[in-house]
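First to last, the protein sequences are chains A and B.
Residues 1 to 342 (the working numbering) make up the first sequence, in order.
Residues 343 to 631 (the working numbering) make up the second sequence, in order.
Take a look at the structure below.
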Amino acid sequence: MNVGIVGLGKMGLLHAGILNSIPDVKIKAVTEKESLIANYVRDSMPSVNVYDDYLNMIKSEELNLIYITTPISSHFPIAQDCIENKINFFIEKPLTKNLEESKKLCKKLKGTDLVHSVGYNRRFIDTFSEVKSLLDSKILGDISRIKSSMYVSNIFSKSKGWRSRKEVSGGGVLLDFGSHLVDLLLWYFGNIERVSGNIKSVYSNEVEDSAHMEMEFSNNIRGELDTSWSIRGYRIPEINLEIIGNNGSIKVNEDFIKIDLKKPDPQLTNSNTTIYKQSLNKGVIIDVGGPDYTKEDLHMIDCVKNKQQSMVNVFEASKTQSVIESMYDAAKGGTKKVEYFD
Amino acid sequence: MTRFDSVLLGDNPFFGVDHLSQERARTKAPVSQNFQNALEVIKYSHNLGVKGMVVSTHPTLKDLIHIIKTESDLIDKFEFYPIIPYVQGYVLKINEMGMLNTLMDILSPAGMINKMKIITSGGLGIIKKDLFKLFRTFIDIELLQLNDTKVKTVFLHDVITDLALALNMKQIFQTFHEYLQDYHKVNAGLVTKNFPLLVSKLDEWKLDYKYIMTSFNKIGFQMNPSRQECEKALNIYKGNVIAMSILAGGFISLQDAYEYISTQSRIRNLVVGLSSVQHAKDTFGILLK
């Protein structure tokens, strides 16, 4: 399978490393404007063709799959060109910088047999995927309430870089890190119908540094979401979810799942138990920055090989985009209904 | 007499890192970040036969070293095994300002020694164009905090090792090895989560790395592609393995960890992180018996 990568920043390099280690996958070409990286690839990876314009790469190469790992504002035009040229694609999260672009992508993708995926890699973290199985088996009975947060200690001064520029990033912490959490919530509990809340900027001029939202799901579940990239004590990004049902509760983060049940479940030996990531761990073919990225890329490659739609496809990811757009709207005042589109 | 050639301290618990649970780390951080406590642990461990400590080049490493220097003779005897670069700090910086801005930001406060070297090697413009000049400058910057300490081996962080390994970047491994040995006059080592692949690539590239730090524990945690493959690679690799994560991030008991490691006769070096004198007493009571 011939793969091209657009953008060799942090995420581009990470995916390049993993893809380079998957049998039958060949990195045929990359697009990188920055000469430091482009020159290195030219000098030391003679089998990889280097371009400074992705359109030239698309036209000159026979590619089965393109990884789009550029700043968010360029996701849409590149994905659009992939669709027009009938090339399967993977986009790093979030899908696009706003809902309008997501809608246009979905419209263009409808009726095609292209395989596409979006980098919501938290679904591939062992604790979170285990909780998905537990919830699907109705272990908690009827769920009534969810508390969720995603925090990282990152921004504590006036920020430079493209992430703080709304025109390039599309938004702040809610779109950047918070979108991972919204994706998990939709995956676990189905559509979010209404949202209300507020966003706040302390260090960034154009985008939000924190957000707090109340959510109503379609099945009477109520929940709250809190996210910030300017909070102390979170060396690495961390999601915490507390799910309360009529048969008990589950608390989950990247490290462990804490289960507290009223009535024991046949799946579990104890009704009160903590499952650590260590006990869910299985080796991967290569670990570059976390096994979840390897699993994510293996899933993508499998989907392309078998012509199956990815678990985190563009249609799925556009729902996250709908929710976040409504949250930004709600932050201006009032409760907003989330508009999904077909 | 211990069966290990060396048992080293890990510095993570002193800086609020907990591989079982970050939540637990947050509740403990204020205590662990008390470097006076770290000094007591280091002194106690050193008396029991612990020769040195594996450290990341965290910005507050210099404060810890400063405190160790207050015990005048300890700093002369105690060895440091830095893992560079301090990746977590850079990842957050890259998130904030992008990769290129991060590189330039790190280069800016490099200090006179490095600024001199930047000038003699043709200025910042040249460095920006040459990935390997940049890499060597990074090594210098990262090691600045460890000036005047006893450094035996410098390790390349697993995030860089494993990315370079995945991308087949032989030159990174070559440059790191040569620059540390020839210029800094210390041993070069690698940290990895992909031990068997690294061993086979080093063999293919004919690179003689004598020190590899990698996870070994009975549940196969962070051992890729599997515990069995990692155990097999132990018999192929001729250098010294420093086993880390022997407790699988605090998931398995010390006794179980010791029993498993004891079955692997090729493992003669260990690193363990701990944060109190009592913990040191319990741990080294078993590991150094």
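Think of the CB as a built atom: it goes at the ideal place given N, C-alpha and C, for glycine as much as any other residue.
As the structure is a prediction and not an experimental result, all values here were calculated from the model.
Report the residue from the options whose alpha carbon sits nearest the alpha carbon of residue i.
i	options	result
B/Ser557	B/Lys574, B/Arg569 and B/Glu546	B/Arg569
A/Lys93	A/Leu105, A/Thr69 and A/Asn270	A/Thr69
A/Glu339	A/Pro237, A/Ser318 and A/Ala38	A/Ser318
B/Phe593	A/Phe341, A/Ile275 and A/Met311	A/Ile275
B/Tyr553	B/Leu596, B/Leu406, B/Val528 and B/Asn566	B/Val528
A/Gln278	B/Ser595, B/Ala590, B/Ala506 and B/Glu520	B/Ala590
A/Tyr293	A/Leu19, A/Leu280 and A/Asn2	A/Leu19
B/Asn510	A/Ile72, A/Ser169, A/Ile286 and A/Ile257	A/Ile286
B/Asp550	B/Tyr432, B/Lys580 and B/Ile603	B/Lys580
B/Lys548	B/His519, B/Val614 and B/Gly352	B/His519
B/Val613	B/Met555, B/Lys574, B/Leu362 and B/Ala508	B/Met555
A/Glu32	A/Ser148, A/Leu280 and A/Val48	A/Val48
B/Ala635	B/Ile407, B/Glu571 and B/Gln606	Since the first residue shown for chain B is 343 and the last is 631, residue 635 of chain B is missing from the structure and cannot be characterised.
A/Ile72	A/Lys258, A/Gly12, A/Phe128 and A/Arg122	A/Gly12
A/Leu109	A/Glu84, A/Phe124 and A/Lys97	A/Glu84
B/Tyr525	B/Ile502, B/Leu507, B/Arg478 and B/Asp490	B/Arg478
A/Val218	A/Leu186, A/Asp113 and A/Ser148	Position check: residue 218 of chain A holds Ser in this sequence, whereas Val was assumed. Nearest option by C-alpha distance: A/Leu186.
A/Asp113	A/Leu268, A/Phe89, A/Leu99 and A/Asp126	A/Phe89
B/Glu365	A/Ile259, A/Gly233 and A/Asp24	A/Gly233
B/Thr412	B/Val392, B/Asp545 and B/Phe377	B/Phe377
A/Pro264	A/Gly17, A/Lys138, A/Lys59 and A/Ala29	A/Lys138
B/Pro567	A/Leu55, A/Gly283, A/Ser201 and A/Leu241	A/Gly283
A/Gln267	A/Asp136, A/Phe256 and A/Leu99	A/Asp136
Using only the alpha-carbon positions, how far apart do residue i and residue j sit?
i	j	result
B/Val373	B/Asn379	Any reading at B/Val373 is ruled out, since the residue's pLDDT is 46, under 50, leaving its predicted position unreliable.
B/Ile632	B/Ile426	In the structure as shown, chain B begins at 343 and stops at 631. Residue 632 of chain B is therefore absent and cannot be evaluated.
A/Val207	B/Thr495	44 Å
A/Glu238	B/Ala367	13 Å
A/Lys103	A/His75	13 Å
A/Ile243	A/Glu316	22 Å
B/Lys623	A/Asn247	44 Å
A/Ile87	A/Asn313	14 Å
B/Leu434	A/Trp162	14 Å
A/Leu95	A/Asp81	15 Å
B/Asn354	B/Gly615	6 Å
B/Gln523	A/Ile324	52 Å
B/His388	B/Leu630	12 Å
B/Val383	B/Lys492	19 Å
A/Gly170	A/Gln321	11 Å
B/His499	A/Tyr67	26 Å
A/Asn2	A/Met215	42 Å
A/Gln309	B/Lys574	38 Å
A/Lys336	A/Met213	11 Å
B/Asp598	B/Asn559	9 Å
A/Arg123	A/Ser148	15 Å
A/Lys97	A/Arg222	27 Å
A/Glu62	A/Lys307	18 Å
B/Leu486	A/Glu34	29 Å
B/Asn611	A/Ile5	41 Å
B/Leu403	B/Asp490	13 Å
A/Thr127	A/Lys258	10 Å
B/Val429	A/His15	17 Å
B/Asp507	A/Leu261	It is Leu, not Asp, that sits at residue 507 of chain B in the sequence shown. Roughly 45 Å between the two C-alpha positions.
A/Leu140	A/Lys251	12 Å
B/Phe497	A/Asn253	30 Å
Which partner residues of residue i appear in the DSSP bridge assignment?
i	result
B/Ala291	This structure cannot speak to residue 291 of chain B, because chain B is shown only from 343 to 631.
A/Pro264	DSSP output for A/Pro264 lists no bridge partner at all.
B/Arg608	Note: B/Arg608 sits in no beta bridge, so no partner.
A/Ala350	Because chain A here runs from 1 to 342, residue 350 of chain A falls outside it and cannot be looked at.
A/Leu95	Per DSSP, none; premise fails for A/Leu95.
A/Asn49	A/Ala29
A/His116	A/Phe89
A/Ser153	A/Ser230
A/Met215	A/Val195 and A/Gly223
A/Gly102	The question names Gly, but residue 102 of chain A in the sequence shown is Ser. DSSP output for A/Ser102 lists no bridge partner at all.
A/Glu208	A/Glu208 pairs with nothing; no bridge assigned.
A/Asn2	A/Lys26
A/Ser21	Looking at the DSSP assignment, A/Ser21 forms no beta bridge with any residue, so it has no partner.
Just checking: is the beta-carbon of residue i within a distance shorter than 7 Å of some beta-carbon in chain D?
i	result
A/Ile285	Among the chains of the structure shown, chain D does not appear; the protein chains present are A and B.
*asked:* Between the stretch 111 to 126 of chain A and the stretch 288 to 308 of chain A, can you find at least three pairs of beta-carbon atoms closer than 8 Å?
replied: yes
*asked:* Would you call the stretch 191 to 199 of chain A in contact with the stretch 140 to 159 of chain A, where contact means no fewer than 3 C-beta pairs closer than 8 Å?
replied: no
_Any contact between the stretch 614 to 625 of chain B and the stretch 303 to 311 of chain A? By contact I mean 3 or more CB pairs, one from each, below 8 Å._
no
_Meets three-Cβ-pair contact criterion under 8 Å: the stretch 387 to 403 of chain B and the stretch 415 to 430 of chain B_ = yes
*So, do the stretch 27 to 42 of chain A and the stretch 123 to 135 of chain A have three or more beta carbon pairs nearer to each other than 8 Å?*
With the cut-off at 8 Å, the stretch 27 to 42 of chain A and the stretch 123 to 135 of chain A do not touch.
*Please go through the stretch 347 to 403 of chain B and give each complete beta strand (DSSP E) segment of 3 or more residues, from N-terminal end onward.*
348 to 352 and 394 to 398
*asked:* What ranges does the beta strand (DSSP E) occupy inside the stretch 560 to 608 of chain B, keeping only unbroken runs of at least 3 residues that lie completely in it?
replied: List check, beta strand (DSSP E) in window: 582 to 586.
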